[in-house]
Amino acid sequence: MSTLAGLLHEHCDLEPADAQWLHRLVGHWQILADVAYTDLVLWAPTRDGRFVVVAICRPATAATGYLTDPVGRVVEAAHRPELVRAMAGRASSSHRAPGNWPDSDRPPVDAEPVVRDGRPIAVLTLRQRLGVLKLSKLERAYLQTAEDLLSMLREGGFPDPNAASGQRRGAPRVGDGLIRLDLDGVVTFASPNALSSFHRLGYMGGMVGELLAVIATDHVERSGLVDEALPLVVTGRADMHAMLLSKREVAVALHSIPLRSRGVRYGAVVLCRDVTEAYRGERELMTKDATIREIHHRVKNNLQTVSALLRMQARRIESKKAREALEEAMRRVATIALVHETLSAAIDETLDLDLLLTKVLALVRPLVWSGDGEVELRQIGRGGLVPAKEANALALVLMELVANAIEHHAGEANGPMVSVSVERQGSTLRVTVRDNGPGLPKRFSPGAGGLGTQIVTALVSGELGGTIEWSSPPEGGTLVELLCEVTERRGPRSSEEPGEGSGDDDGRP
Numbered sequence: 164m165s166t167l168a169g170l171l172h173e174h175c176d177l178e179p180a181d182a183q184w185l186h187r188l189v190g191h192w193q194i195l196a197d198v199a200y201t202d203l204v205l206w207a208p209t210r211d212g213r214f215v216v217v218a219i220c221r222p223a224t225a226a227t228g229y230l231t232d233p234v235g236r237v238v239e240a241a242h243r244p245e246l247v248r249a250m251a252g253r254a255s256s257s258h259r260a261p262g263n264w265p266d267s268d269r270p271p272v273d274a275e276p277v278v279r280d281g282r283p284i285a286v287l288t289l290r291q292r293l294g295v296l297k298l299s300k301l302e303r304a305y306l307q308t309a310e311d312l313l314s315m316l317r318e319g320g321f322p323d324p325n326a327a328s329g330q331r332r333g334a335p336r337v338g339d340g341l342i343r344l345d346l347d348g349v350v351t352f353a354s355p356n357a358l359s360s361f362h363r364l365g366y367m368g369g370m371v372g373e374l375l376a377v378i379a380t381d382h383v384e385r386s387g388l389v390d391e392a393l394p395l396v397v398t399g400r401a402d403m404h405a406m407l408l409s410k411r412e413v414a415v416a417l418h419s420i421p422l423r424s425r426g427v428r429y430g431a432v433v434l435c436r437d438v439t440e441a442y443r444g445e446r447e448l449m450t451k452d453a454t455i456r457e458i459h460h461r462v463k464n465n466l467q468t469v470s471a472l473l474r475m476q477a478r479r480i481e482s483k484k485a486r487e488a489l490e491e492a493m494r495r496v497a498t499i500a501l502v503h504e505t506l507s508a509a510i511d512e513t514l515d516l517d518l519l520l521t522k523v524l525a526l527v528r529p530l531v532w533s534g535d536g537e538v539e540l541r542q543i544g545r546g547g548l549v550p551a552k553e554a555n556a557l558a559l560v561l562m563e564l565v566a567n568a569i570e571h572h573a574g575e576a577n578g579p580m581v582s583v584s585v586e587r588q589g590s591t592l593r594v595t596v597r598d599n600g601p602g603l604p605k606r607f608s609p610g611a612g613g614l615g616t617q618i619v620t621a622l623v624s625g626e627l628g629g630t631i632e633w634s635s636p637p638e639g640g641t642l643v644e645l646l647c648e649v650t651e652r653r654g655p656r657s658s659e660e661p662g663e664g665s666g667d668d669d670g671r672p
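The end of the sequence shown is residue 672 by my numbering, with every number in the run present.
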């Protein structure tokens with residue numbers, strides 16, 4: 164297995180907490196690779212005294228030095244003495260002053276101990292880049308940030324133990340914009356992309372020497388909801404994410420990383436990203452979803468009105484057959500209204516089949532049975548989530564089958580017992596409806612049955628693309644088996660979130 168968890172399990176004897184720490188490091192180390200302009204390789208000690216590469220991170224601000232994937236490579240400790248020194252707690256520091264290496268076949272490698280609770284548990288190596296005589300302000304700020312984070316790594320303070328684990332979708336990257344703060348939250352450096360993001364917020368001055376909290380407060384949208392994490396982020400007091408929404412409907416995503424030495428905070432790095440277009444897209448989706456739910460709600464109300472009118476009309480008709488026909492139509496309309504009622508409360512166009520079945524059974528019982536005995540309805544198994552179109556057809560089919568099973572007991576002293584069993588395996592759905600009635604009539608044919616049977620057959624073959632079979636088991640009653648394929652639920656919507664001015668600050672030494 165080439166995953167981090169798989170390699171640690173196969174080669175290493177780390178404690179669970181140590182392994183979890185390495186997972187957290189891999190979830191946060193992209194910023195370190197980007198500000199250091201270099202690849203990061205994570206080495207873990209093996210059971211037999213060697214080292215294995217368990218993860219690699221390539222920078223977005225520089226070309227990678229690894230054209231092939233080294234993950235899974237195992238080397239002898241004697242061949243990599245820098246790894247042994249790092250595991251002993253002695254870090255190399257040649258990355259602080261990049262130098263030329265024209266006479267070497269490969270660049271020098273710096274090895275840093277990954278420390279947790281005061282002891283090294285793994286080694287992080289950085290490939291040193293070719294040096295240059297002069298560095299720009301951006302490059303110096305990046306390399307200083309790299310040194311700060313590596314110092315925290317050696318002390319066991321990076322990643323922050325209190326930070327949320329893993330990457331957050333749409334989180335800002337180094338190239339999107341980087342701001343450095345001192346202990347008081349004053350800006351000491353702001354990259355060009357960071358300036359561009361705050362200019363779009365409406366702030367047109369320089370940022371160096373200003374309090375980031377004051378800049379954010381002056382341009383935040385106060386009429387709406389303000390991210391509760393924003394005060395901690397703009398002051399650099401916690402490793403957190405926040406969204407800054409301005410009066411001009413500009414959205415900037417922020418991520419703060421406090422800088423500490425021996426546990427004492429002395430500043431912070433704040434990454435920022437203009438996500439206005441992505442935010443607007445999400446707002447439009449939310450508006451469309453709300454509109455769709457409102458449409459379902461209104462359709463439900465209209466259908467319930469139609470159902471009530473049919474019920475009123477049925478009470479005024481003296482013909483028994485006509486009255487029964489209107490009552491059946493009223494029941495079908497009420498079932499469709501039930502589906503739209505459930506959709507009006509859903510966050511997407513999927514329905515919980517088990518909840519829908521519960522509502523269908525509760526609806527059918529009083530509409531169909533008027534005898535003296537009690538009606539026993541059993542619901543067995545789970546069907547999971549299904550799309551709205553298939554849920555509508557399934558609701559009508561189940562309503563017709565259960566209603567038909569109950570009606571077969573008309574005139575009997577004992578009440579009916581109907582069980583509905585649902586079984587789901589992937590996209591395959593099997594539904595079984597069993598009752599304790601008199602069974603199927605002789606020479607039963609679904610095509611020659613009543614209107615309800617014909618509706619069920621048409622829905623199963625047409626809307627669901629499945630099969631349905633009726634039978635009379637030896638123990639009595641009627642058994643109906645439905646088999647169909649339903650679309651498996653897709654994951655949450657994901658969209659690329661490019662923001663305005665998303666070009667990378669990719670100056671590199």
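Built from N, CA and C at the ideal position, the CB exists for glycine as well. As the structure is a computational prediction, the values presented were derived from the model and not from experiment.
> What runs of the alpha helix (DSSP H), each 4 residues or longer, lie entirely inside the segment 189 to 244?
Replying inline: 193 to 199
> T166 by DSSP, collapsed to three states: which one?
Replying inline: coil
> Who are the near neighbours of L622 in its chain, counting only those whose CB is closer than 7 Å to its CB and skipping five residues on each side?
Replying inline: Excluding positions up to five away in sequence, the list reads A556, L559, V560.
>> Tell me the rounded alpha-carbon separation between R336 and G546.
In response: 41 Å
>> Would you call the segment 483 to 498 in contact with the segment 460 to 473, where contact means no fewer than 3 C-beta pairs closer than 8 Å?
In response: yes
>> In the DSSP assignment, the alpha helix (DSSP H) including A551 goes from what residue to what residue?
In response: Annotation: the continuous alpha helix (DSSP H) that includes A551 extends over 551 to 570.
>> On the criterion of 16 or more Cβ atoms from any shown chain inside 10 Å, does T505 qualify as buried, or is it exposed?
In response: buried
> So G602 and G639 are in contact, right, with Cβ under 8 Å, and what is the actual spacing, rounded?
Replying inline: 6 Å
> Going along the chain, which residues of its own chain have a beta-carbon closer than 6 Å to the beta-carbon of A260, five neighbours each way excluded?
Replying inline: Low per-residue confidence applies at A260: pLDDT is 38, beneath 50, and the placement is therefore not dependable, though the value from the model is reported in the following sentence. Contacts found: none.
>> Output needed for L564: all residues of its chain with C-beta closer than 7 Å, excluding positions within five of it in sequence on either side, in chain order.
In response: V596, V619, V643
> L603 by DSSP, collapsed to three states: which one?
Replying inline: Looking at L603 - three-state DSSP - the assignment turns out to be coil, as it is neither helix nor strand.
> Is the Cβ-Cβ distance between H382 and S409 less than 8 Å?
Replying inline: yes
> Which residue comes first and which comes last in the beta strand (DSSP E) that contains P355?
Replying inline: P355 -> not in any beta strand (DSSP E); alpha helix (DSSP H) instead, spanning 355 to 364.
> Looking at the structure shown, is I499 part of a helix, part of a strand, or coil, going by DSSP?
Replying inline: Note: I499 maps to helix in three-state DSSP.
> Quick one: is the Cβ of R213 within less than 7 Å of any heavy atom of the ligand MN?
Replying inline: This structure lacks the ligand MN; in fact it carries no ligand of any kind.
> Thinking C-beta only, is G333 closer than 8 Å to V438?
Replying inline: In this structure, G333 lies closer than 8 Å to V438 by Cβ.
>> By DSSP's criteria, P276 is part of a beta bridge. Which residues make up the other side?
In response: V286
> Below 8 Å between beta carbons: does that hold for T513 and Q542?
Replying inline: no
>> Are the CB atoms of L205 and L185 within a distance shorter than 8 Å?
In response: yes
> Along the chain, which unbroken stretches of the alpha helix (DSSP H) at least 4 residues long are found entirely within the segment 373 to 400?
Replying inline: 375 to 382, 393 to 397
> Using the rule of at least 16 other Cβ atoms within 10 Å of the residue's Cβ for burial, across every protein chain shown, is H242 buried or exposed?
Replying inline: With fewer than 16 other Cβ atoms within 10 Å, it is exposed.
>> For S482, count the other beta carbons within 10 Å of its own beta carbon; 16 or more makes it buried, fewer makes it exposed. Which is it?
In response: exposed
>> Going by DSSP in three states, I618 sits in which element: helix, strand or coil?
In response: Reduced to three states, the DSSP call for I618 is helix.
> Nearest to V581 by alpha carbon, out of Q588, Y305, N599, R587?
Replying inline: Among Q588, Y305, N599, R587, the Cα nearest to that of V581 belongs to N599.
>> Assuming contact is defined by CB atoms lying nearer than 8 Å, are R317 and V278 in contact in what I supplied?
In response: yes
> Going straight from the alpha carbon of S257 to that of Q307, what length do you get?
Replying inline: Model confidence at S257 stands at a pLDDT of 44, short of 50, so the residue's coordinates are unreliable; what they give is reported in the following sentence. Approximately 14 Å between the Cα atoms of the pair.
> With a CB to CB cut of under 6 Å and the five nearest residues on each side skipped, what residues in its chain are close to L516?
Replying inline: G546, V549
>> Nearest by alpha-carbon distance to G372: which of V349, L301, E626 is it?
In response: V349
>> Suppose you measure from the CA of E539 to the CA of G615; what does that come to, to the nearest Å?
In response: 21 Å
> Is it right to say D280 is buried, meaning 16 or more other beta carbons lie within 10 angstroms of its own, or is it exposed?
Replying inline: exposed
> Quick one: what's Q588 bridged to in DSSP?
Replying inline: Paired residue(s): T591.
> For the beta strand (DSSP E) that contains T129, what are its first and last residues?
Replying inline: Nothing about residue 129 can be read from this structure; the chain reaches only from 164 to 672.
> To the nearest angstrom, how far is it from the Cα of G298 to the Cα of P179?
Replying inline: Before going on, a small fix: residue 298 reads as Leu here, not Gly. When rounded, the distance between both Cα atoms is 42 Å.
> Of the residues V502, L489, S424, which one's Cα is nearest the Cα of R461?
Replying inline: V502
> Is DSSP giving D311 helix, strand or coil here?
Replying inline: helix
> What are the boundary residues of the beta strand (DSSP E) that includes V413?
Replying inline: No beta strand (DSSP E) contains V413, which DSSP labels as neither H nor E.
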